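**Student:**
In this note's numbering, the protein residues as written are -19 to 309.
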């Protein structure tokens, strides 16, 4: 049959995977172990006396449970081993490790800083925490707890992997972990150097702060990554689906539109305050001709107000013999 009006359908549904924040890696430099994903039942297959088993058990003890846990082992030097892990598989965001010695923490912190991973680690000796006082990495958060089987920071990674950027890491209760034995003097020193702990306050067990070693809040770091990853993916998807992004005001508008969508989602995520962001850009006529020839456009610049969170405050009151609310007024 010869059709008068044949229909040709072209699919523009190019898939682009979103980089996730739910995968937590357990790295064990004490054994050789191929990268694999763990479920709650798989944990039972690990050596019950091993640090890997105890760490994994703590992760799956949290409510809700982790979205995804992976484990890999490279026997030998932890830093060199983790470099190999990064070469072989980067499909994770949070890093935990069975080795929490100071030198390992410092080395893994640097690697996470340049590879966009977030590292959570618990130190069990106060003097080890003191050795980290001068570290200023953006991608590492450290919790001090005297119990070597607490794995408090590692479990906090599970809590922070939900609603990325939209929740504070302070005031969080970690399942299965008792209060740390830490003095007020020690706690103040820890906080002064952006390390926190786990204590009981008003009968509730909770994290005492929620910062990375640089002093920034964990939720702010996570929020920054969320916006960056989602915007990179949105723009890449746009370039794949469209025949081209024209170097015209319409093409520039396409870039601005994708940026607007991501910032709007960041509001829903609890990262950015509603109505408190703006996007600046240059029109085609204002871009130098040599940059047009190079097909380069670097003029979309957005500014957004972080939603933030209240961590401390003071409520004031007055006790008086005077009548406060007089009848009829």
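Quick reminder that beta carbons are idealized off the backbone N, C-alpha and C, glycines included.
All values derive from a computational prediction rather than experimental measurement.
I believe residue 74 touches residue 5 by the beta-carbon criterion, under 8 Å. Please report the beta-carbon distance rounded to the nearest angstrom.
**Tutor:** Correct: roughly 7 Å between the Cβ atoms.
**Student:** Which residues in the same chain as residue 39 place their Cβ atom closer than 7 Å to its Cβ, once the five residues preceding and following it in sequence are excluded?
**Tutor:** These residues qualify, in order along the chain: 4, 46, 49, 134, 135 and 138.
**Student:** For residue 199, count neighbouring C-beta atoms within 10 Å of its own C-beta (all shown protein chains included) and say buried if the count is 16 or more, exposed if not.
**Tutor:** Per the 10 Å Cβ criterion, buried.
**Student:** For my contact list, residue 195 and residue 145 are in at a C-beta cut-off of 8 Å; report their separation, rounded to the angstrom.
**Tutor:** In fact, because the Cβ distance is near 17 Å, the residues do not count as touching under 8 Å.
**Student:** Could you have a look at residue 269 and say whether DSSP puts it in helix, strand or coil?
**Tutor:** Of the three classes helix, strand and coil, the one that applies to residue 269 here is helix, per DSSP.
**Student:** Could you tell me which of 106, 89, 105 and 34 sits nearest to residue 98, measuring between CA atoms?
**Tutor:** Residue 98 has its Cα closest to that of 89, out of 106, 89, 105 and 34.
**Student:** Alpha carbon to alpha carbon, how far is residue 129 from residue 59? Give it in angstroms, no decimals.
**Tutor:** Residue 59 and residue 129: Cα-Cα distance of roughly 22 Å.
**Student:** Which residues mark the beginning and the end of the beta strand (DSSP E) in which residue 31 is found?
**Tutor:** That residue, residue 31, is in no beta strand (DSSP E); its alpha helix (DSSP H) goes 31 to 41.
**Student:** Quick one: grab the DSSP three-state call for residue 256.
**Tutor:** It is a strand residue.
**Student:** May I have a chain-ordered list of the alpha helix (DSSP H) segments no shorter than 4 residues that lie completely inside the stretch 71 to 101?
**Tutor:** Fully enclosed alpha helix (DSSP H) runs of 4 or longer: 82 to 94.
**Student:** Would a C-beta distance cut-off of 8 Å place residue 176 and residue 187 closer than the cut-off?
**Tutor:** Closer than 8 Å, so yes.
**Student:** By the DSSP assignment, the beta strand (DSSP E) with residue 48 in it spans what residues?
**Tutor:** Here the beta strand (DSSP E) through residue 48 covers 48 to 53.
**Student:** With DSSP run on the structure shown, which of helix, strand or coil describes residue 165?
**Tutor:** Correct three-state label for residue 165: helix.
**Student:** Looking at the strands, I want to know which residues DSSP matches up with residue 6.
**Tutor:** In the DSSP output, where bridge partners are listed per residue, residue 6 has 51 and 76.
**Student:** Determine the closest residue to residue 213 out of 234, 236, 155 and 242, with distance taken between C-alpha atoms.
**Tutor:** When each option's Cα is compared against that of residue 213, the closest is 242.
**Student:** Does the stretch 166 to 175 come close enough to the stretch 103 to 113 that 3 or more CB-CB pairs lie under 8 Å?
**Tutor:** The stretch 103 to 113, when compared against the stretch 166 to 175, does touch it at the 8 Å Cβ threshold.
**Student:** Among the residues of its own chain, which have a CB less than 6 Å from the CB of residue 53, if the five just before and after it don't count?
**Tutor:** Contacts found: 8, 11, 12 and 13.
**Student:** Check residue 180 in the structure and name its three-state DSSP category.
**Tutor:** Correct three-state label for residue 180: strand.
**Student:** Please say whether residue 121 and residue 311 have beta carbons closer to each other than 8 Å?
**Tutor:** Missing from the structure shown is residue 311; the chain here goes from -19 to 309 and no further.
**Student:** Taking only three categories from DSSP, how would you classify residue 151?
**Tutor:** It is coil, neither helix nor strand.
**Student:** Starting from the Cα of residue 93, find the closest Cα among 17, 193, 290 and 257 and give me that residue.
**Tutor:** The residue with the shortest Cα to Cα distance from residue 93 is 193.
**Student:** Please list the terminal residues of the continuous alpha helix (DSSP H) segment that includes residue 235.
**Tutor:** Residue 235 -> alpha helix (DSSP H) spans 229 to 249.
**Student:** Could you tell me the distance, in whole angstroms, from the CA atom of residue 305 to the CA atom of residue 298?
**Tutor:** Roughly 14 Å separates the two Cα atoms.
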